[in-house]
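Colleague: Chains as they are written, first to last, in the numbering used here: chain P, 230 to 336; chain R, 3 to 479.
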Amino acid sequence: MIDPVEMQNFFMAFFSGAMVIMLGALYALLLAWGRIKSSPAFVVAAYITYVLLTVFVLVLADTMNFEGFWNLITAVMLVGYLLAPHGIWILSRDTHTHEQEPSSIQS
Amino acid sequence: MNNGVLDSNNLNGGQKLAVKYFSVAVILFVAQILFGLVTALQYIIPELFFEVLDFSVARTVHINALVIWLLFGFMGAVYWLLEDEAGVETVGLKLGNLAFWVFTLAVTIVVLVYLFVQVGPGDDTTRWLINEGREYIEAPRWADIGIVICILVFFYNAAATFMKGSWSGISGVLILDLVALAGLYLAGMFYTTNISVDQFWWWWVIHLWVEATWEVLVGCIMAWGLIKLLGVRRQIVTTWLYIEVALMFGSGILGLGHHYFWIGTPEYWFTIGGFFSALEPIPLVAMVVHALYDSGVHKFKAANHPAMAWLIAHTFGNFFGAGVFGFMHTLPQINLYTHGTQWSASHGHLSFFGAYATIVIAVFYIAVQQWRGGVWMSGDLPGNGWKWKWSLALLNIGVLGMTMAMLVAGYEQSFIERAIEGSTWSGYFAAQMHPWFIQGMNWRMVFGIVTAAGTVLLVWDLLTIGKGEKRTRQEVS
Chain P
230 MIDPVEMQNF FMAFFSGAMV IMLGALYALL LAWGRIKSSP AFVVAAYITY VLLTVFVLVL
290 ADTMNFEGFW NLITAVMLVG YLLAPHGIWI LSRDTHTHEQ EPSSIQS
Chain R
3 MNNGVLDSNN LNGGQKLAVK YFSVAVILFV AQILFGLVTA LQYIIPELFF EVLDFSVART
63 VHINALVIWL LFGFMGAVYW LLEDEAGVET VGLKLGNLAF WVFTLAVTIV VLVYLFVQVG
123 PGDDTTRWLI NEGREYIEAP RWADIGIVIC ILVFFYNAAA TFMKGSWSGI SGVLILDLVA
183 LAGLYLAGMF YTTNISVDQF WWWWVIHLWV EATWEVLVGC IMAWGLIKLL GVRRQIVTTW
243 LYIEVALMFG SGILGLGHHY FWIGTPEYWF TIGGFFSALE PIPLVAMVVH ALYDSGVHKF
303 KAANHPAMAW LIAHTFGNFF GAGVFGFMHT LPQINLYTHG TQWSASHGHL SFFGAYATIV
363 IAVFYIAVQQ WRGGVWMSGD LPGNGWKWKW SLALLNIGVL GMTMAMLVAG YEQSFIERAI
423 EGSTWSGYFA AQMHPWFIQG MNWRMVFGIV TAAGTVLLVW DLLTIGKGEK RTRQEVS
């Protein structure tokens, strides 16, 4: 059986859930932007965002009382959020490879 | 082309039918807002319209108007792009026109019955003629059958036109999606005496329509919109469409499980629902990156600035409304407390607006541009385009404000009514009388009025934008 969130963890459970999604998107955007602009600073910022994302995933797992199979979900979530933006970037770059107009996008 | 005036000669057959759908959609959108204001006010003044227009009736009309105006908007959008995509005239247009009038008449009768008959004795007569009783799909059975027939005609128009003309990636996905759209509605059309079984199938319509077939439908509209507005190459949008459809169906179908937590279904739905709900935001993240990437590559040079702005609003609205507001209360450990509170309403308002209303409004602007002869709608509009900019701002601020107000109220309900008081009657009333709830409802009313102001401005703008404009639309590539 799943243990419900403790009352004292109410806020952090909601907040960490929201932050996981927002930081996931921010990480993807910073990574893409950093590569478009060839800016290492943005790429570093992206990975810092991912570290923050990891912290909130762990907070989420703790406040939601994840056990057993749910810990596997946590691990899959962390790996997925790390790799998915790279996949999204590769798709964005490759689908635009033959774009006619000149672009500043770096490979 | 007759520039600057609303002239049907500027439209092809499918587009003429589309603007009929759009016109009814706009009327229903206004109705949705009006009844939303009434229900919001009833939270503040509970005796308002008591036994004349009870909260239950006003809420039914508010939500049904939303569902139907979006459906009219989607159908109009498909008719709009049909000939353009297929390269031939719409097949069965007369039948399509007939279905439009039947659908519109049926919707009118259903709303009048909701308003003036309201309730029945609760037997088969009620279910067939007045109200089926299933939340969000209350339409009586005769109307259900009519809706399915109209959707089938719509499907025939679209499929036959593509079969006669040419297929594309967008049209292929679209047609397969329409099969699901018509088929899934049938799941809400049979009655069982077991409430768990009834809810099980009811969710097929509610969840799978919204989080699978509608999402894919707007994916198709978005793909076509990016080609038209930014000049993105078809190969790019088609590739992304396939990926997004795979991700949406891959996560969205079994994401259905998050609705099966508390209706008496087996415990394994906790795991299935939790896991697939965690995946559901991924296509939304991909969509944000992709849309910004395309917009950036094309330097935000768009043939229709209002439509482009609404497409961007759609991308972010979909992400925040469905992704962020969905995920933060979807896992069973927390959903135990939040389901059915104002938290759900908060998520519902932002996600329906962000994911669906925005993109339909974008198509309205695309339609108006062509209806006025393909006029200029990029930068340097008369008055600097203040009407579309203000309506965009007011509608987004209004909906976001309502969302936050309901979030505060929902948080308080989850905490006091559910977690502390254990879902008892006393807990219910304690939560309803709490200052956070009352203030949340007051702020919801304020932002509801802001939303209504934005709607009025939007309608005004749709009726006037491009009027007298002689410049032709900006070319994009």
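Backbone N, C-alpha and C define an ideal beta-carbon position, used for all residues, glycine too.
Look at the alpha carbon of alanine 293 (chain R) and the alpha carbon of glutamine 237 (chain R), and state the distance between them as a whole number of angstroms.
Modeller: Numbered from 1 along the second sequence, position 291 holds the residue referred to as residue 293 (chain R). Numbered from 1 along the second sequence, position 235 holds the residue referred to as residue 237 (chain R). Between alanine 293 (chain R) and glutamine 237 (chain R), the C-alpha separation is close to 15 Å.
Colleague: Across the stretch 304-314 of chain R and the stretch 372-385 of chain R, are there enough close Cβ pairs to call them in contact, namely three or more that are closer than 8 Å?
Modeller: Output reads yes: the stretch 372-385 of chain R touches the stretch 304-314 of chain R.
Colleague: Could you tell me which of R:Ile149, R:Ala433, R:Asn444 sits nearest to isoleucine 111 (chain R), measuring between CA atoms?
Modeller: As a position in the second sequence, residue 111 (chain R) is number 109, starting the count at 1. Selected option, being the one with the closest Cα: R:Ile149.
Colleague: Please name the residue in R:Gly298, R:Met408, R:Asp463, R:Gly350 whose C-alpha comes closest to that of glutamine 344 (chain R).
Modeller: For this step, residue 344 (chain R) is matched to residue 342 along the second sequence. It is R:Met408.
Colleague: Quick one: Cα of arginine 136 (chain R) to Cα of tryptophan 71 (chain R), how far?
Modeller: Looking up residue 136 (chain R) in the second sequence gives position 134. Looking up residue 71 (chain R) in the second sequence gives position 69. Taking the straight line from one Cα to the other gives about 19 Å.
Colleague: Using a Cβ-Cβ cut-off of less than 9 Å, give me the residues of the stretch 304-329 of chain P that come near chain R, in sequence order.
Modeller: Here the close residues are Val305, Met306, Gly309, Tyr310, Ala313, Pro314, Gly316, Ile317, Trp318, Leu320, Ser321, Arg322, Asp323, Thr324, His325, His327, Glu328, Gln329.
Colleague: Taking C-beta pairs closer than 8 Å, name the residues in chain R that threonine 294 (chain P) reaches, listed in chain order.
Modeller: Taking the first sequence and counting its residues from 1, one reaches residue 294 (chain P) at position 65. Sequence check: residue 294 (chain P) is asparagine here, not threonine. What asparagine 294 (chain P) touches in chain R: Gln335.
Colleague: Mind checking whether leucine 249 (chain R) and isoleucine 284 (chain R) have CB atoms under 9 Å apart?
Modeller: Here residue 249 (chain R) is taken as the residue at index 247 of the second sequence, counted from 1. Here residue 284 (chain R) is taken as the residue at index 282 of the second sequence, counted from 1. Yes, these two residues count as a Cβ contact at 9 Å.
Colleague: Based on Cα-Cα distance, which residue from R:Phe431, R:Ser425, R:Leu459, R:His351 lies nearest to glycine 38 (chain R)?
Modeller: As a working mapping, residue 38 (chain R) is identified with position 36 in the second sequence. Of the listed residues, the one whose Cα sits closest to glycine 38 (chain R) is R:His351.
Colleague: Does glycine 246 (chain P) have its Cβ less than 9 Å from a Cβ in chain R?
Modeller: Start at 1 with the first residue of the first sequence, and residue 246 (chain P) comes out as number 17. Cβ-Cβ to chain R under 9 Å: yes for glycine 246 (chain P).
Colleague: Counting only Cβ pairs nearer than 8 Å, list the residues of chain R close to phenylalanine 243 (chain P).
Modeller: Working through the first sequence from its first residue, we reach residue 243 (chain P) at position 14. Under the 8 Å cutoff, chain R gives Met330, His331, Ile336, Tyr413.
Colleague: Rounded to the nearest angstrom, what separates valine 296 (chain R) and cysteine 222 (chain R) at their Cα positions?
Modeller: The count along the second sequence starts at 1 and reaches residue 296 (chain R) at position 294. The count along the second sequence starts at 1 and reaches residue 222 (chain R) at position 220. The question names valine, but residue 296 (chain R) is aspartate in the sequence shown. Their backbone Cα atoms lie some 16 Å apart in a straight line.
Colleague: Which residues, in order along the stretch 239-262 of chain R, keep a beta-carbon less than 8 Å from a beta-carbon of chain P?
Modeller: Of all residues in the stretch 239-262 of chain R, Thr241, Trp242, Ile245 have a Cβ within less than 8 Å of some Cβ in chain P.
Colleague: Short of 9 Å Cβ to Cβ, which residues in the stretch 271-284 of chain R face chain P?
Modeller: Cβ contacts with chain P: Phe272, Thr273, Gly276, Phe277, Ala280, Leu281, Pro283, Ile284.
Colleague: Assign tyrosine 187 (chain R) to buried or exposed, taking buried as 16 or more other Cβ atoms, counted over all protein chains shown, within 10 Å of its Cβ.
Modeller: Mapped onto the second sequence, residue 187 (chain R) falls at position 185. Tyrosine 187 (chain R) is buried by the Cβ-count criterion.
Colleague: Residues of chain B with a CB under 9 Å from the CB of phenylalanine 239 (chain P): which are they?
Modeller: In the structure shown, chain B does not exist; the protein chains are P and R.
Colleague: Which parts of the stretch 157-190 of chain R are runs of the alpha helix (DSSP H), unbroken and 4 residues or longer, counting only runs that do not cross its ends?
Modeller: Listed in chain order, they are 171-187.
Colleague: Rounded to whole angstroms, what's the CA-CA distance from tryptophan 264 (chain R) to arginine 446 (chain R)? Just pull it up for me.
Modeller: For this step, residue 264 (chain R) is matched to residue 262 along the second sequence. For this step, residue 446 (chain R) is matched to residue 444 along the second sequence. C-alpha separation (whole angstroms): 28 Å.
Colleague: Taking the straight line between their C-alpha atoms, what separation do you get for valine 461 (chain R) and leucine 287 (chain P)?
Modeller: Residue numbering aside, residue 461 (chain R) sits at position 459 when the second sequence is read from its first letter. Residue numbering aside, residue 287 (chain P) sits at position 58 when the first sequence is read from its first letter. So the alpha carbons of these two residues sit roughly 47 Å apart.
Colleague: Identify the contact partners of aspartate 232 (chain P) in chain R, using a Cβ-Cβ distance below 8 Å as the criterion.
Modeller: For this step, residue 232 (chain P) is matched to residue 3 along the first sequence. Per Cβ cutoff of 8 Å: Gln335.
Colleague: Could you tell me the distance, in whole angstroms, from the CA atom of isoleucine 197 (chain R) to the CA atom of serine 58 (chain R)?
Modeller: What you label residue 197 (chain R) is simply residue 195 of the second sequence in a count that begins at 1. What you label residue 58 (chain R) is simply residue 56 of the second sequence in a count that begins at 1. Going by the C-alpha atoms only, they are around 20 Å apart.
Colleague: Can you say whether leucine 154 (chain R) is buried or exposed, counting buried as having 16 or more other CB atoms within 10 angstroms of its CB?
Modeller: Within the second sequence, numbered from 1, the residue matching residue 154 (chain R) stands at position 152. Exposed: under 16 other Cβ atoms inside 10 Å.
Colleague: Near methionine 248 (chain P), which residues of its chain fall below 7 Å by C-beta distance, leaving aside the five closest residues on each side in sequence?
Modeller: Here the question's residue 248 (chain P) lines up with position 19 in the first sequence. Once the five neighbours on either side are set aside, the close Cβ partners of methionine 248 (chain P) are Phe285.
Colleague: Which chain R residues sit within Cβ distance under 7 Å of phenylalanine 298 (chain P)?
Modeller: Translated into the one-based positions of the first sequence, residue 298 (chain P) becomes position 69. Neighbours of phenylalanine 298 (chain P) on chain R, chain order: Thr273.
Colleague: Could you check how far apart the C-beta atoms of valine 291 (chain R) and leucine 258 (chain P) are, in whole angstroms? I think they sit under 8 Å.
Modeller: In the second sequence, counting from the first residue as 1, residue 291 (chain R) sits at position 289. In the first sequence, counting from the first residue as 1, residue 258 (chain P) sits at position 29. Going by Cβ atoms, the distance from valine 291 (chain R) to leucine 258 (chain P) rounds to 6 Å, so yes, they are a contact pair.
Colleague: Who are the near neighbours of alanine 290 (chain P) in its chain, counting only those whose CB is closer than 8 Å to its CB and skipping five residues on each side?
Modeller: Walking along the first sequence from the start, residue 290 (chain P) turns up at place 61. Excluding residues within five positions, the ones whose Cβ falls inside 8 Å are Trp299, Asn300, Thr303.
Colleague: Note down the Cα distance separating leucine 327 (chain R) from valine 280 (chain P), rounded to an integer number of angstroms.
Modeller: Residue 327 (chain R) sits at position 325 when you count from the first residue of the second sequence. Residue 280 (chain P) sits at position 51 when you count from the first residue of the first sequence. Here the sequence assigns phenylalanine to residue 327 (chain R), which means leucine is not the residue at that position. So the two alpha carbons sit approximately 22 Å from each other.
Colleague: On the DSSP letters alone, give me the boundaries of the alpha helix (DSSP H) that methionine 314 (chain P) sits inside.
Modeller: Numbered from its first residue, the first sequence carries residue 314 (chain P) at position 85. Before going further, note that residue 314 (chain P) is proline rather than methionine in the sequence given. Unbroken alpha helix (DSSP H) run through proline 314 (chain P): 298-324.
Colleague: With distances taken from CA atoms, which of R:Ile245, R:Phe321, R:Gln415 is nearest isoleucine 319 (chain P)?
Modeller: Translated into the one-based positions of the first sequence, residue 319 (chain P) becomes position 90. Closest option to isoleucine 319 (chain P), Cα to Cα, is R:Ile245.
Colleague: Look at the Cβ atom of alanine 184 (chain R), then the Cβ atom of alanine 214 (chain R), and state whether they are nearer than 9 Å.
Modeller: By one-based count along the second sequence, residue 184 (chain R) stands at place 182. By one-based count along the second sequence, residue 214 (chain R) stands at place 212. Taking 9 Å as the Cβ cut-off, alanine 184 (chain R) and alanine 214 (chain R) do not qualify as a contacting pair.
Colleague: DSSP puts threonine 474 (chain R) in a beta bridge; with which residues?
Modeller: Numbered from its first residue, the second sequence carries residue 474 (chain R) at position 472. In DSSP, threonine 474 (chain R) forms a bridge with R:Val377.
Colleague: At what residues does the alpha helix (DSSP H) containing tryptophan 392 (chain R) begin and finish?
Modeller: The residue labelled residue 392 (chain R) in the question sits at position 390 within the second sequence. Its alpha helix (DSSP H) spans residues 388-414.
Colleague: Give every residue of the same chain whose Cβ lies closer than 6 Å to the Cβ of glycine 266 (chain R), excluding the five residues on either side of it in the sequence, and list them in chain order.
Modeller: For the purposes of this step, residue 266 (chain R) is identified with residue 264 of the second sequence, where counting begins at 1. Around glycine 266 (chain R): Ser198.
Colleague: According to DSSP, is glycine 325 (chain R) part of a helix, a strand, or is it coil?
Modeller: To locate residue 325 (chain R), count along the second sequence from 1; it is residue 323. Glycine 325 (chain R) falls in the helix class under three-state DSSP.
Colleague: What does phenylalanine 321 (chain R) reach in chain P if we use C-beta pairs closer than 7 Å?
Modeller: As a position in the second sequence, residue 321 (chain R) is number 319, starting the count at 1. By Cβ distance, chain P contributes Ala254.
Colleague: Three-state secondary structure (DSSP) at leucine 14 (chain R)?
Modeller: As a first step, residue 14 (chain R) must be located in the second sequence, where it is residue number 12. Just to set this straight, residue 14 (chain R) is asparagine in the shown sequence, not leucine. Note: asparagine 14 (chain R) maps to coil in three-state DSSP.
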